[in-house]
Every structure is written in structure tokens, then in C-alpha cells.
Amino acid sequence: MRRERGKALALRKVETEFHEGDKDMTLLNCPRCHQVISETRSELKPLVCDVCGFTSSKSNEMVQREVESRFIKFAMGFSLVIAISFVQVVNWDGHFLSVIPLQIKSLMGAMDQSDFEQMSAICLERQKYDCVERNYGKAASYSLENRARFADFLLKRDKVRPAAEQYKIYFAEGGVDLEATYNYAKSLAQLGDFEQAAGLFQQVIEAKPETVQITVIHHYVRTLIHANQLEKAKALIEDVRSKSAQANSFMAEEMAEIAEKS
260 MRRERGKALA LRKVETEFHE GDKDMTLLNC PRCHQVISET RSELKPLVCD VCGFTSSKSN
320 EMVQREVESR FIKFAMGFSL VIAISFVQVV NWDGHFLSVI PLQIKSLMGA MDQSDFEQMS
380 AICLERQKYD CVERNYGKAA SYSLENRARF ADFLLKRDKV RPAAEQYKIY FAEGGVDLEA
440 TYNYAKSLAQ LGDFEQAAGL FQQVIEAKPE TVQITVIHHY VRTLIHANQL EKAKALIEDV
500 RSKSAQANSF MAEEMAEIAE KS
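Under this note's numbering, the sequence shown has 337 at position 78, and the numbering climbs by one with no breaks.
This is the structure in C-alpha cells:
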């Protein structure tokens, strides 16, 4: 009797141990019906008995966890795509597709002048002025015109010192634009460099002697007063007044200020 039981146990002995719920099954006998599981089946996950249909609970748990993990990753990825797309549309409206390659190029540091121009134009339309300033700045090194445009934009945003620095570079590189000269003079006057500003205002006025540039003259006179060049300021006002009977009261407040300081 004992010998027969020993034989039965020997027949049921598995070549590789199986612990349900703790270790993976790589067995040859089913732990439920004790029938031999084919080698092909024993290599599958989850392991399924050919006879009774027993399935490894550990394998099932692993599969379930893997399915759940994949679903969570997919859901998170899909939500992220939706969120990014929403932000992109809100920020860029009809340009949300055209800015994508530009943004990728920007991240890669591969943008060229045409890309900066395209991006700045889109940003200007969308009133994203920080973006415009950033792209104008990156395009400034490509030409003198770009440099002057960048300086003008900074000045319009009341960034006077950075604007003055850009104008300085512009003229150092050979720039001669009269409008840039006028704006540079204004920026220097705002920074308190009245002597240099006065010289630049005078250049602008002398460049068009046949034209009475009222706005330029106004800034020039104010700069001369700040530079304590009172006689020069007075002479400039009187010169404008002499050209027209209707200009007798031209810059009356400034004339009174000059008379008070003289």
C-alpha cells in the first residue's frame, strides 16, 4: 500500500516547483487535477491547464496589472495631448498648427532669419509682445534694419536703456537712418545724456533744413534746456517764430522757463 502511494506521489512530482500566488509556474503537472501540462502550454503566460482549465493566479494578476498600467499610461498620454492642444489653440488661435514646427525648431536651436520673421509676425498679430521682442532680438544680428527695428520696439515698450544700447550698436555698425537717429536722441535724453542727445537732434534738423520739424525741435529745445544751453534753446525757438506770424507763441512755456533760468 505504501509502495503504491509512493509511486503515485512520484508520478505527480513536478520537475520545477510551483507556488500558487507567490512564484511563476513553470511546471509539468497541474496543481489542481495533477494532469500533465504540455510543454507548449507551460511556456505561455498565463499558464492554462489543458484538462481542467486551471489558470495561474499569479500570471492573471500580472496580466491584469499590465493591462491597467497600459490603460493608465494611455489615459494620461491622451489627457496630456488634449491639454496641450487646448492650450495651443487658446494661445495661437488660427496659427496653432503653423507655430508647432517653429516651436520645435526653437527648442532645437535651429531657427533662421525667416523663422524669426514668421514667428514675430504671428506673435505681433496675437499681441504677444514679449514673444515679438524675443524674436526681433534674435533677428537683429542679421541686418542693420532688423537692429533698428528691435531698438524701436524696445523704445515703444519703454525699455529705454536696452533700446539705447541697440541704437548704439546700430550706429557703430554703420547705420545712418534718420528716424533711428531721432529715436536714439530721445532715448539718450530720457537717460540724462543731454549733451549727446542734443547733438543727435541737431543732426536730424540739419538733415532737412527746408522742413520745420516741430516735434524734433520741441525735443531738441527741452534737451538744450536740461543741458543748460539756454541761449541755444532760445535762438532755436526764435528762429521758428520768425518763419511764421502764427508761430509767435511757439513754445511759450519753454521761453518763460529760459527767461527764468537766465
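The C-beta atom is built at its ideal place from N, Cα and C for all residues, glycine as well.
Practice problem: Write down the C-beta distance between residue 482 and residue 460 rounded to the nearest angstrom, noting that I regard them as a contact closer than 8 angstroms. | Solution: Looking up residue 482 in the sequence shown gives position 223. Looking up residue 460 in the sequence shown gives position 201. By a beta-carbon distance limit of 8 angstroms, residue 482 contacts residue 460. Their separation comes to about 6 angstroms.
Quiz item: Out of curiosity, what's the CA-to-CA distance linking residue 520 and residue 466?
Solution: Numbered from 1 along the sequence shown, position 261 holds the residue referred to as residue 520. Numbered from 1 along the sequence shown, position 207 holds the residue referred to as residue 466. Rounded to whole angstroms, residue 520 to residue 466 spans 30 angstroms at the Cα level.
Quiz item: Span of the alpha helix (DSSP H) holding residue 450?
Solution: Residue mapping note: residue 450 aligns to position 191 of the sequence shown, counting from 1. Element bounds for residue 450: n/a, residue is neither H nor E.
Exercise. Can you check DSSP and say which residues form a bridge with residue 288?
Key: Residue numbering aside, residue 288 sits at position 29 when the sequence shown is read from its first letter. Note: residue 288 sits in a beta bridge opposite 295.
Quiz item: Are the beta-carbon atoms belonging to residue 429 and residue 393 less than 9 angstroms from one another?
Solution: If you number the sequence shown from 1, residue 429 lands on position 170. If you number the sequence shown from 1, residue 393 lands on position 134. The answer is no: Cβ separation not under 9 angstroms.
Practice problem: Report the option in 499, 491, 503 and 504 whose CA atom is closest to the CA atom of residue 518. | Solution: In the sequence shown, counting from the first residue as 1, residue 518 sits at position 259. Measuring from the Cα of residue 518, the nearest candidate turns out to be 491.
Practice problem: With a 10 Å radius around its C-beta and 16 neighbouring C-beta atoms as the bar for buried, classify residue 337 as buried or exposed. | Solution: Your numbering for residue 337 matches position 78 in the sequence shown. That one is exposed.
Exercise. Less than 8 angstroms between the CB atoms is what I'm expecting for residue 475 and residue 484, so what's the real figure, rounded?
Key: Here residue 475 refers to the residue found at position 216 when the sequence shown is read from its first residue. Here residue 484 refers to the residue found at position 225 when the sequence shown is read from its first residue. Not really, about 15 angstroms apart at Cβ, beyond 8 angstroms.
Practice problem: Report back the beta-carbon spacing between residue 447 and residue 423 to the nearest angstrom; my notes put them in contact at under 8 angstroms. | Solution: Taking the sequence shown and counting its residues from 1, the one referred to as residue 447 is at position 188. Taking the sequence shown and counting its residues from 1, the one referred to as residue 423 is at position 164. Right, their Cβ atoms sit about 6 angstroms apart.
Exercise. Within its chain, find whatever has a CB closer than 7 angstroms to the CB of residue 441; leave out the 5 residues flanking it on each side and keep chain order.
Key: Residue mapping note: residue 441 aligns to position 182 of the sequence shown, counting from 1. Excluding residues within five positions, the ones whose Cβ falls inside 7 angstroms are 463 and 475.
Quiz prompt | Other residues of its chain near residue 382: CB distance less than 6 angstroms, five sequence neighbours each side excluded | solution = Here residue 382 refers to the residue found at position 123 when the sequence shown is read from its first residue. Counting only Cβ-Cβ distances below 6 angstroms, and skipping sequence neighbours, we find 390 and 391.
Self-check item: First and last residue of the uninterrupted alpha helix (DSSP H) at residue 374
Solution: Reading the sequence shown from its first residue, position 115 is the one you call residue 374. In this chain, the alpha helix (DSSP H) harbouring residue 374 covers 372-384.
Quiz item: How many whole angstroms separate the CB atoms of residue 372 and residue 398, which I take to be in contact at a CB cut-off of 8 angstroms?
Solution: The residue labelled residue 372 in the question sits at position 113 within the sequence shown. The residue labelled residue 398 in the question sits at position 139 within the sequence shown. Contact holds; Cβ gap of about 6 angstroms.
Practice problem: Determine the contact status of residue 354 and residue 376, defining contact as a CB-CB distance below 9 angstroms. | Solution: On the sequence shown, position 95 is the one that residue 354 refers to. On the sequence shown, position 117 is the one that residue 376 refers to. No, they are not a contact pair.
Quiz prompt | DSSP state of residue 402 mapped onto helix, strand, coil | solution = Position 143 of the sequence shown, counted from the start, is the residue given in the question as residue 402. DSSP places residue 402 outside both helix and strand once states are collapsed to three, so it counts as coil.
Quiz item: Under three-state DSSP, which class holds residue 416?
Solution: Counted from its first residue, the sequence shown places residue 416 at position 157. DSSP places residue 416 outside both helix and strand once states are collapsed to three, so it counts as coil.
Quiz item: I think residue 378 touches residue 366, with their Cβ atoms under 8 angstroms apart; what is that distance to the nearest whole Å?
Solution: As a first step, residue 378 must be located in the sequence shown, where it is residue number 119. As a first step, residue 366 must be located in the sequence shown, where it is residue number 107. With a Cβ gap of about 13 angstroms, residue 378 and residue 366 do not count as contacting.
Quiz item: Among 388, 454, 325 and 331, which has the Cα closest to the Cα of residue 350?
Solution: Here residue 350 is taken as the residue at index 91 of the sequence shown, counted from 1. Nearest option by C-alpha distance: 388.
Quiz item: Considering only the beta carbon of each residue, do residue 486 and residue 454 sit closer than 9 angstroms?
Solution: One-based indexing of the sequence shown puts residue 486 at position 227. One-based indexing of the sequence shown puts residue 454 at position 195. Taking a C-beta distance under 9 angstroms as the contact criterion, residue 486 and residue 454 qualify as a contact pair.
Self-check item: Cβ-based neighbour list, residue 411, same chain, cut-off 7 angstroms, excluding 5 preceding and 5 following
Solution: Along the sequence shown, read from residue 1 onward, the residue named residue 411 stands at position 152. 442, listed in sequence order.
Quiz item: In angstroms, rounded to a whole number, what distance separates the CA positions of residue 370 and residue 496?
Solution: Mapped onto the sequence shown, residue 370 falls at position 111. Mapped onto the sequence shown, residue 496 falls at position 237. Whole-angstrom Cα-Cα distance: 51 angstroms.
Quiz item: Based on Cα-Cα distance, which residue from 416, 374, 363 and 400 lies nearest to residue 386?
Solution: Counting from one through the sequence shown, the residue named residue 386 turns up at place 127. That would be 416, whose Cα lies nearest to the Cα of residue 386.
Quiz item: If we call anything under 9 angstroms between Cβ atoms a contact, is residue 502 one with residue 480?
Solution: In the sequence shown, residue 502 corresponds to position 243, counting from 1. In the sequence shown, residue 480 corresponds to position 221, counting from 1. With respect to residue 480, residue 502 sits apart: the two C-beta atoms are not nearer than 9 angstroms.
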